[in-house]
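Participant: This is the structure, below, for whatever I ask next.
Structure follows, in structure tokens:
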């Protein structure tokens with residue numbers, strides 16, 4: 001899998017960056033911001049103000065304030081008398097974003113092979129860890145696999161010798177809201193993704209730049225197919241989503 005967002009650096013001080021009110025609203029904002037960027041809250045997910053208030057131990061007021069801040073960033077949509085929803089990515093945006101992502105990731109893999117700077121043993125160790133996590137019990141294993149996957153791709157970016165590449169990929173991801181985790185991959189999709197990781201490590205070790213680029217591009221575009229399937233599933237589920245009267249009112253839509 002390829003995940004385009006490194007949320008650890010982007011969410012820790014996010015509330016300060018956009019001026020969310022201090023206190024409880026800021027805490028709620030930071031929590032929701034992190035969940036959206038790491039994929040735990042998927043595109044199209046409905047956010048219930050009352051349920052979140054209870055979960056986070058606050059009233060609905062700071063939750064609504066956090067909703068407004070997230071809405072101003074384009075991370076969620078506010079729909080009067082229906083609720084707040086993690087912003088969706090359109091089919092057009094999905095296609096164009098992943099085409100660009102495949103180009104950038106493919107370039108990074110090519111340069112890493114040419115530079116011969118990749119820690120291939122380290123990449124294979126990450127493959128081992130991801131495969132071991134898959135066999136472990138517990139839903140949190142998918143969070144750990146996703147973290148390891150980010151590290152795998154990040155190490156290749158670093159080995160490319162292009163210091164601008166990681167920021168370009170991260171910025172593209174956040175602008176287009178492309179996020180997902182291994183929790184929604186089918187067993188066959190996980191098998192494919194893990195096999196491609198191994199193939200990438202082999203190509204980098206051999207210094208085969210063309211092969212490394214081709215594998216990475218295929219890897220990214222396969223992830224696009226997985227996300228396309230998942231978004232279709234969410235759209236179908238959304239048809240039966242209950243309304244949440246009062247979750248968002250006209251006042252919440254004001255900037």
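In full-length UniProt numbering, the protein residues as written are 1 to 255.
Backbone N, C-alpha and C define an ideal beta-carbon position, used for all residues, glycine too.
It should be emphasised that the depicted structure is a prediction, and the values quoted were computed from it without experimental measurement.
(1) Compare the C-alpha of residue 84 against each of 66, 95 and 98 and name the closest.
(2) Taking the C-alpha atoms as reference points, what is the distance between residue 57 and residue 106?
(3) Would you say residue 201 and residue 112 are within 8 Å of each other, going by their C-beta atoms?
(4) Compute the distance between the beta-carbons of residue 72 and residue 115, then report whether it is under 8 Å.
(5) Quick one: what's got a C-beta closer than 7 Å to residue 31's C-beta in the same chain, skipping five residues either side?
(6) What is the residue span of the beta strand (DSSP E) that residue 84 lies within?
(7) Would you kindly check if the distance between the Cβ of residue 108 and the Cβ of residue 36 is under 8 Å?
(8) Whether or not the region 179-196 and the region 119-138 are in contact is what I'm after, with contact meaning three or more pairs of Cβ atoms, one per stretch, closer than 8 Å; do they touch?
(9) Our contact map puts residue 88 next to residue 25 with C-beta atoms below 8 Å; I'd like the distance itself, whole angstroms only.
(10) Does residue 102 pass the burial test, meaning 16 or more other C-beta atoms within 10 Å, or should it be called exposed?
(11) Taking Cβ positions, are residue 76 and residue 63 nearer each other than 8 Å?
(12) Nearest-angstrom Cα distance between residue 227 and residue 206?
(13) In this structure, how does DSSP classify residue 208 when only helix, strand and coil are distinguished?
(14) Ends of the alpha helix (DSSP H) at residue 126?
(15) In this structure, does DSSP put residue 140 in helix, strand or coil?
(16) Are at least three pairs of beta-carbons, each pair with one atom in the region 160-171 and one in the region 135-151, less than 8 Å apart?
Facilitator: According to the data block:
(1) 66
(2) 44 Å
(3) no
(4) no
(5) 56
(6) 83-86
(7) no
(8) yes
(9) The Cβ separation is near 25 Å, so there is no contact.
(10) buried
(11) no
(12) 31 Å
(13) coil
(14) 120-135
(15) coil
(16) no
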